[in-house]
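In the working numbering, the protein residues as written are 237 to 969.
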């Protein structure tokens, strides 16, 4: 198929220009330029120009001192307009033009070239086929400060005729703007050229269109397309605009666009068109449409290639249709095509997401059989799968595969393994790997440091964590909120609340983004030690920064207040939470019930629970155990035992809650403290009948109960039974 072009005869013009074996135009690299137009200078002196050109020719043939002196005398009298006139005279002789520029730079080092003299030089270079030098000169001109696109275009147009140039100079201008990623300037230059009646080749237009679409400036691209389409387009233009429609989410218009282009311009889709559409449909999950196009390709004379299959397989994997992706993969093999690393990457990544280690190993084995080398992305995904699942040995096997394949492990690969070691508590091995990473010249990033810091804090190695943190900052890495939250959490868990607050203050001083996780960590730390006042200050600071509390925030605060018996304040937090539409979690509800019980109001706690249940709340075992323990503390055994029976009855009726060892121990302890040992033994028998094994606490309560009644026979009987069950008794009872 012959593609239409805007000016077919002009496209071949550059190829007809013979490149002469001249040396490169070195002085262009040191041209001094001025944004001022030469119209502000005095007019050109034609006699001076004649004399100078004569001297240049003489110097070219006879380089003696008299000629050189004459040439210098003429040069120092030049103004910008005269320079342009001389260049016009040199348009057919690149060597002469080169000599002129060299002499100008030598004798007038402070001379500033204008846009017009630069444009003349560009035209001469283009005429001589020196496109690379011409583009360098164009770049110099368009990057000058104070020079507008209008001036650039105007100077090229003004010098065009006198230099007997050709339109390929305008193609070069558009391409130069595009390659310099100055797309707005390229579009403006294109518009100015069209307004002045000059044309740009379809190839240069395609370069502009393609870049505009890639950047997402689809509207501008359509403006260019509508401007050039009357003169004819080619299949590359068609594919670019099909991509524009797909990128703009207008795939429903592709059909009418293709019909119009075929009927009016005689341009037909090629395999790239089909692949573009199949890729677009696949990426959006419209797989039926993608398959329909794929099936239609043979009737149009095209065969689906590796790229076609890769886009479909990737689309299926991306939209969780892994089994269908494997079927398409099998079809690909049957068609005689060889899958590449991209094909396998899609399958591997999805298998990793599914956590299917067996499938991953099978895919990897198939890759090795076909001599397809996975890339680092594939390796990191596979290693991460095994490291996360705890199979670090398997991850290390794949690490060896990375080296065997001749690939250089990057920081992602090392970080995956470091995470694996830290997860297993193997901090020493993680640090060794980190040292290897540095020896190989692989820089640790914030993620790698955070991984080790998390491992150290989890192992309560805060000294080492602080040392590593200092190293991180000394290396010029800027810690993020997660870094400092890890350290704050570590110090809070060890009770180093002063250190935690210092880190928190450092975050605020360094203007590191504070998030709700950081605040929750501090709230939890101070709440657990009962420092309610500091917890309130942290809460107030969080709210003042417009960081919204989460259900976790409310849970921590309610639990802290209830644990200290500050029930009224806990209710104020509860009411605030409900007013903001935050749905209470089981943990928050349990904290409120615990607050009632610790205040000696277990019955109010039960009423509170009944109200929640009527509103759809589903209690858990901790909810009931908290109430039961509260009644036991109040020595209200009938209510406590009543709740146990309620749980047992609900279980028989299909309920999910089952009394556990803590439930029965609470009742049993209550009976023992009240010297109701028969009832306590009855609870023991019931829990065994229900399949709940007594623990050390069960037997300790029974032994202490019988000892308090001086019934040492029964005490020793339970002591022996305790030993038979493998529990070690206290030294004294």
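Ideal Cβ positions, reconstructed from N, Cα and C, are used throughout, including at glycine.
Give the range of the alpha helix (DSSP H) segment to which residue 956 is assigned. 948-960
Would you identify the three-state DSSP class for residue 343, choosing helix, strand or coil? helix
Can you check which of these residues, 885, 792, 804 and 462, is closest to residue 501 by C-alpha distance? 462
Out of 731, 616 and 389, which has the shortest C-alpha to C-alpha gap to residue 698? 731
Going by beta carbon distance, what residues of the same chain come within less than 7 angstroms of residue 394, once the five residues before and after it are set aside? 352
Integer-rounded CB distance, given that residue 530 should sit under 8 angstroms from residue 548: 7 angstroms
So, at 7 angstroms on beta carbons, what are the nonlocal neighbours of residue 874 in its own chain, with the 5 sequence-adjacent residues on each side left out? none
Terminal residues of the continuous alpha helix (DSSP H) containing residue 761? 752-764
Out of 908, 925 and 912, point me to the one whose CA is closest to residue 935's CA. 908
The alpha helix (DSSP H) that contains residue 605, what's its start and end? 593-605
Taking the C-alpha atoms as reference points, what is the distance between residue 563 and residue 612? 26 angstroms
On the three-state DSSP scale, how would you describe residue 453? coil
Residue range of the alpha helix (DSSP H) that residue 429 falls in? 419-431
Applying the criterion that 16 or more other CB atoms from any shown protein chain within 10 Å of the CB defines a buried residue, is residue 830 buried or exposed? buried
Rounded C-beta distance between residue 794 and residue 827? I'm assuming under 8 angstroms. 5 angstroms
With 16 as the cutoff for other CB atoms within 10 Å, does residue 605 come out buried or exposed? exposed
Span of the alpha helix (DSSP H), counted from its first residue to its last, around residue 811: 803-815
Is the Cβ-Cβ distance between residue 427 and residue 478 less than 7 angstroms? no
C-alpha gap between residue 769 and residue 775, whole angstroms: 10 angstroms
Burial state of residue 816 (16 or more Cβ within 10 Å): exposed
When the distance is taken between beta carbons, is residue 359 closer than 7 angstroms to residue 326? no
Between the alpha carbons of residue 528 and residue 629, how many angstroms are there, rounded? 45 angstroms
Determine whether the beta carbon atoms of residue 436 and residue 406 lie at a separation below 7 angstroms. yes
Determine the direct distance from the alpha carbon of residue 402 to that of residue 567, and round the result to whole angstroms. 52 angstroms
I'd like the list of long-range same chain contacts for residue 695, defined as Cβ closer than 8 angstroms, with 5 residues on each side in sequence excluded. 661 and 663
With distances taken from CA atoms, which of 714, 755 and 762 is nearest residue 746? 714
Looking only at C-alpha atoms, which of 847, 903, 850 and 845 sits nearest to residue 870? 903
For the alpha helix (DSSP H) containing residue 415, list its first residue and its last residue. 404-415
Candidates 347, 416 and 338: closest to residue 372 by CA position: 416
Put residue 364 into one of helix, strand or coil per three-state DSSP. coil
What I want to know is whether the C-beta of residue 366 ends up closer than 6 angstroms to one or more non-hydrogen atoms of the ligand COA. The ligand COA is not part of this structure, which contains no ligands at all.
Proximity to residue 719 [Cα-Cα], best of 682, 742, 707 and 710: 682
Three-state secondary structure (DSSP) of residue 473: helix
Could you tell me the alpha carbon to alpha carbon distance between residue 954 and residue 940, rounded to whole angstroms? 10 angstroms
When 315, 846, 809 and 910 are compared against residue 879, the one with the closest alpha-carbon: 846
Can you grab the Cα-Cα spacing for the pair residue 329 / residue 576, in whole Å? 53 angstroms
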